[in-house]
Amino acid sequence: PTKPDMEQSLETMLREKRQASTGAGRPDLESLRGAAETDKQWRARREFLSRHADAFPAEELDHLVSLSMVWANNVFMGCRYSAELMERVGEMAAGVHVEDAPIFTTRDEIMAKQKK
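Sequential numbering of the sequence shown, starting at 1, is according to the UniProt record's numbering.
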């Protein structure tokens, strides 16, 4: 697909996810699961989403989904983001249970060990 087609597909997907809601106006969390997410990753991210779904209006659902993905990418893949963003998602994730979270060593930590 061309770039405009991909952008249109993304916009369509986001619009559909914003519209997917239960009777109380809460998003249908199951519709937000990524196709490649493992059960373990999804359980943790769903808990993150569930804790904050009521605080985000429907038109800002994609922002909440993005924050949940930033958090999950950090926890499960070791991705790093700005200190401000990491602090925000860290606060939002306080108390979220992560089963057997991987432990990552940063490049800076490896380099510091080699200097000793």
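No residue lacks a Cβ here, since even glycine has one placed at the ideal position from N, Cα and C.
If you drop the 5 nearest sequence neighbours on each side, which residues of the same chain put their C-beta closer than 7 Å to that of residue i?
| i | result |
| --- | --- |
| S21 | Low confidence applies here, because S21 scores a pLDDT of 49, under 50, leaving its location unreliable and the question unanswered by this model. |
| H52 | L64, M92 |
| W42 | R33 |
State the CB to CB distance for the pair residue i and residue j, rounded to an integer number of angstroms; the pair is presumed to be in contact (CB under 8 Å).
| i | j | result |
| --- | --- | --- |
| V70 | V89 | 5 Å |
| Q48 | M92 | The question names Gln, yet the displayed sequence has Phe at residue 48. Correct: roughly 7 Å between the Cβ atoms. |
| V75 | A101 | 6 Å |
Relative to the C-alpha of residue i, which candidate in the options has its C-alpha closest?
| i | options | result |
| --- | --- | --- |
| G78 | A53, T105, V65 | T105 |
| A72 | H52, R46, A112, E109 | R46 |
| S66 | M111, R33, E109 | R33 |
| S50 | A36, A35, S31 | S31 |
| D108 | E87, E84, R80, M86 | R80 |
| K40 | E60, K116, A112, V96 | V96 |
Going by DSSP, what residue range makes up the alpha helix (DSSP H) through residue i?
| i | result |
| --- | --- |
| D62 | 61-77 |
| E84 | 83-92 |
| F48 | 39-52 |
| K116 | Where K116 is concerned, there is no enclosing alpha helix (DSSP H), given that its DSSP letter is neither H nor E. |
Classify residue i: buried if its beta carbon has 16 or more other beta carbons within 10 angstroms, exposed otherwise.
| i | result |
| --- | --- |
| Q114 | exposed |
| S68 | buried |
| A44 | buried |
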